Amino acid sequence: DGGITQSPKYLFRKEGQNVTLSCEQNLNHDAMYWYRQDPGQGLRLIYYSQIVNDFQKGDIAEGYSVSREKKESFPLTVTSAQKNPTAFYLCASSPNGGIGEKLFFGSGTQLSVL
Amino acid sequence: KQEVTQIPAALSVPEGENLVLNCSFTDSAIYNLQWFRQDPGKGLTSLLLIQSSQREQTSGRLNASLDKSSGRSTLYIAASQPGDSATYLCAVKLNTGNQFYFGTGTSLTVIP
Numbered sequence: 001d002g003g004i005t006q007s008p009k010y011l012f013r014k015e016g017q018n019v020t021l022s023c024e025q026n027l028n029h030d031a032m033y034w035y036r037q038d039p040g041q042g043l044r045l046i047y048y049s050q051i052v053n054d055f056q057k058g059d060i061a062e063g064y065s066v067s068r069e070k071k072e073s074f075p076l077t078v079t080s081a082q083k084n085p086t087a088f089y090l091c092a093s094s095p096n097g098g099i100g101e102k103l104f105f106g107s108g109t110q111l112s113v114l
Numbered sequence: 115k116q117e118v119t120q121i122p123a124a125l126s127v128p129e130g131e132n133l134v135l136n137c138s139f140t141d142s143a144i145y146n147l148q149w150f151r152q153d154p155g156k157g158l159t160s161l162l163l164i165q166s167s168q169r170e171q172t173s174g175r176l177n178a179s180l181d182k183s184s185g186r187s188t189l190y191i192a193a194s195q196p197g198d199s200a201t202y203l204c205a206v207k208l209n210t211g212n213q214f215y216f217g218t219g220t221s222l223t224v225i226p
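Chains as they are written, first to last, in our numbering: chain X, 1 to 114; chain L, 115 to 226.
Structure below.
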């Protein structure tokens with residue numbers, strides 16, 4: 001089945017630790033996105049990538065880093081510089097340039113601080 | 115910057131009722147608007163996508179309309195069912211750039 005796979009579903013971070021959230025898609029989409037969702041708030045864009053080896057900061061990039069070495073993979077690292085990392089993280093992709101530009105989402109990763 | 119607002123934040127209706135969810139946006143230069151459903155602890159599922167040149171889209175009991183000039187979209191749900199209970203979000207994509215701008219969602223509860 002085509003889709004977006006996020007792992008793990010739940011993740012716990014200790015103080016001062018970096019953690020990496022995985023996002024893989026087999027939809028052959030060019031564009032990929034990372035969003036953060038906090039209770040009662042809308043989705044906020046962390047980073048997005050339109051093409052391999054290129055990515056841009058979103059509205060809340062501080063404390064996060066990404067890489068796009070392969071078209072199908074867009075991992076997100078939450079660094080120790082992110083002081084309030086507890087949130088639900090969503091990865092998405094879109095065809096980028098095709099008619100429709102529909103956005104497709106993974107099932108999310110809940111990150112909590114120990 | 116595009117601001118997207120959804121009112122009400124929460125809605126509770128009896129089963130069988132028809133209902134309307136609202137989405138408003140500040141910049142009318144949109145490329146498309148998308149409605150999503152989100153169940154607790156899950157990702158977003160796309161329901162309907164309306165291109166800027168379209169006025170409405172329908173899928174089963176769902177109908178979404180778009181009025182760019184007034185910066186508004188509505189999602190109409192006919193004959194609501196308990197399985198429709200979820201949070202509904204709208205998102206707009208502008209003509210320029212590659213960002214999608216999301217509303218904060220409307221939490222819908224359909225009471226059996």
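Heads up, the beta-carbon is just placed ideally off N, CA and C, and yes, glycines get one too.
Values in this document were obtained by computation on a predicted structure and should not be read as measured data.
Considering just the uninterrupted stretch of the beta strand (DSSP E) at Thr218(L), what are its terminal residues? Counting along the chain, Thr218(L) falls outside any beta strand (DSSP E), and DSSP gives it neither H nor E.
Could you tell me if Pro39(X) is buried or exposed, where buried requires 16 or more neighbouring beta carbons within 10 angstroms of its beta carbon? Pro39(X) should be labelled exposed.
Under 8 angstroms: do the region 44-58 of chain X and the region 118-137 of chain L share three or more Cβ pairs, one atom per stretch? In this structure the region 44-58 of chain X does not touch the region 118-137 of chain L; the number of beta carbon pairs closer than 8 angstroms is below three.
Proximal residues, the region 8-37 of chain X versus chain L, C-beta separation under 7 angstroms: Ala31
For Phe105(X): DSSP bridge partner residues: Ala92(X)
Alpha-carbon to alpha-carbon, Leu43(X) and Asp153(L): 15 angstroms
Rounded to whole angstroms, what is the Cα-Cα separation between Tyr190(L) and Thr159(L)? 17 angstroms
What does Arg36(X) pair with, by DSSP beta-bridge criteria? Arg44(X), Tyr89(X)
Is the region 197-212 of chain L in contact with the region 136-154 of chain L, if contact means three or more CB pairs nearer than 8 angstroms? Three or more Cβ pairs closer than 8 angstroms define a contact, and the region 197-212 of chain L meets that threshold against the region 136-154 of chain L.
For Ala193(L), count neighbouring C-beta atoms within 10 Å of its own C-beta (all shown protein chains included) and say buried if the count is 16 or more, exposed if not. Under this definition Ala193(L) is an exposed residue.
DSSP three-state assignment for Asp181(L), whether helix, strand or coil: strand
Take Arg13(X) and list the residues in its own chain whose beta-carbon comes closer than 8 angstroms to its own, dropping the five residues that flank it on each side. Val19, Val78, Pro85, Leu111, Ser112, Val113, Leu114
Starting from Gln165(L), trace the beta strand (DSSP E) in both directions and tell me its first and last residue. 158-165
Buried versus exposed call for Val66(X) [16 or more other C-beta atoms within 10 Å across all chains shown]: buried
Figure out for me which residue from Gln82(X), Ser94(X), Gln17(X), Thr109(X) has the closest Cα to the Cα of Tyr48(X). Shortest Cα-Cα distance from Tyr48(X) to any of Gln82(X), Ser94(X), Gln17(X), Thr109(X) involves Ser94(X).
Taking only three categories from DSSP, how would you classify Asp54(X)? In the structure shown, Asp54(X) sits in a strand (DSSP, three-state: E or B).
Please list the partners that Ser187(L) has in chain X, where partner means a Cβ-to-Cβ separation under 9 angstroms. In chain order: nothing, as chain X lies at least about 15 angstroms away.
Ignore the nearest five residues each way along the sequence and tell me which others in Arg68(X)'s own chain have a CB closer than 8 angstroms to its CB. By the criterion of a C-beta distance shorter than 8 angstroms, Arg68(X) is surrounded in its chain by Met32, Ser49, Ile51, Val52, Asn53, Asp54, Phe55, Phe74, once the five residues flanking it on both sides are discounted.
Quick check: is the beta carbon of Tyr48(X) nearer than 8 angstroms to any beta carbon in chain L? yes
Using DSSP with H/G/I as helix, E/B as strand and the rest coil, what is Pro196(L)? helix
Quick check: Tyr35(X) and Leu21(X), are their CB atoms within less than 8 angstroms of each other? For the 8 angstroms CB-CB criterion, Tyr35(X) and Leu21(X) do not form a contact.
In chain order, what residues of the same chain have a beta carbon less than 8 angstroms from the beta carbon of Gln165(L), not counting five sequence neighbours either side? Tyr145, Asn146
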